[in-house]
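So the structure is just underneath, and the comments pick up after that.
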Amino acid sequence: MTVPKSEKRQRLARELLLSAEEYRRAAIALESYGMIVGQGLDPHLMFPMNVYYAFACELYFKFLYCVLTTRDIPQTHDLELLFKNLPKDKNVKLIIKRHWENPVEIELQIRKATSAHTGQPIPTFEQALAGTAKAFVKLRYHYEDRSIINVSLDLVSAARATVFEMYPTEYADIRLPLPTRALSADQQNIVKVAVRVPANPPEDHRP
6 MTVPKSEKRQ
16 RLARELLLSA
26 EEYRRAAIAL
36 ESYGMIVGQG
46 LDPHLMFPMN
56 VYYAFACELY
66 FKFLYCVLTT
76 RDIPQTHDLE
86 LLFKNLPKDK
96 NVKLIIKRHW
106 ENPVEIELQI
116 RKATSAHTGQ
126 PIPTFEQALA
136 GTAKAFVKLR
146 YHYEDRSIIN
156 VSLDLVSAAR
166 ATVFEMYPTE
176 YADIRLPLPT
186 RALSADQQNI
196 VKVAVRVPAN
206 PPEDHRP
């Protein structure tokens, strides 16, 4: 029996969202691992962790594109391009931006601390998106270029928050909890501050 196109689309949407949740969960597990075993955040997990976060953000964007349009999903990893292609008439871009521009207190503290450390102003949403846009492609081949590319974790959070604001019940069964023994959200964010703005960072400590 042929599966109706709408049903195939729904299956694809669910698979995209589940994958996004899985990659986010994997990133949190990596972020938390060093603290769980009492060794601090392992600097050698930073690249893999950020690859997972960047890919999770891509999949959240592709999920939104999948459920809000009937067109083929863009075959790109570029977050800026994926965001640009989200439909204008569904307010989804405004919701993502609203979540990013209204961070929880700990996220705001991280932005301020990072700004103080780098001497750069807190980026706008557009700047954060542009800075993270090609992170997945570049970071997964970091042996070719070990320069630092910051992944806006707030962007990942904003994309995810948008998904579950727009679809609070339809996909509740896919919404994954934090990994077993993962640090609390506050503890994780404290770690982020320590890693992103260390007073005397070691040579290989790449945020």
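Just so we're aligned: the sequence shown equals residues 6 to 212 in the working numbering.
C-beta atoms are modelled at their ideal positions from N, C-alpha and C, and glycine is treated no differently.
Buried versus exposed, by CB contacts within 10 Å (16 or more), residue i
i	result
N55	buried
I127	exposed
A18	buried
E63	buried
H49	exposed
Y57	buried
A32	buried
E12	exposed
D159	buried
Helix, strand or coil at residue i [DSSP, three-state]
i	result
V156	coil
T123	helix
P48	helix
N90	helix
Q80	coil
Y148	coil
P128	coil
N194	For N194, the predicted model reports a pLDDT of 48, less than 50, meaning its position is unreliable; a value from the coordinates is still stated below. Of the three classes helix, strand and coil, the one that applies to N194 here is helix, per DSSP.
R180	coil
E175	coil
Among the options, the one whose alpha carbon lies nearest that of residue i
i	options	result
K98	H49, I78, M171, D47	M171
K95	T81, I115, T74	T74
L86	R145, Y148, A135, E36	A135
S157	P108, D150, D178	P108
A61	E149, A140, L91, Y176	A140
L144	D83, L21, V72, Q15	D83
A25	P48, E12, I101, A59	A59
R16	M51, L35, C71	C71
> Does the stretch 118-126 come within contact of the stretch 49-67, defined as at least 3 CB pairs closer than 8 Å?
Replying inline: Inter-segment contact for the stretch 118-126 and the stretch 49-67 is absent: fewer than three beta-carbon pairs are separated by less than 8 Å.
> So does the stretch 163-180 actually touch the stretch 109-120, counting three or more Cβ pairs closer than 8 Å?
Replying inline: Segments in contact, no.
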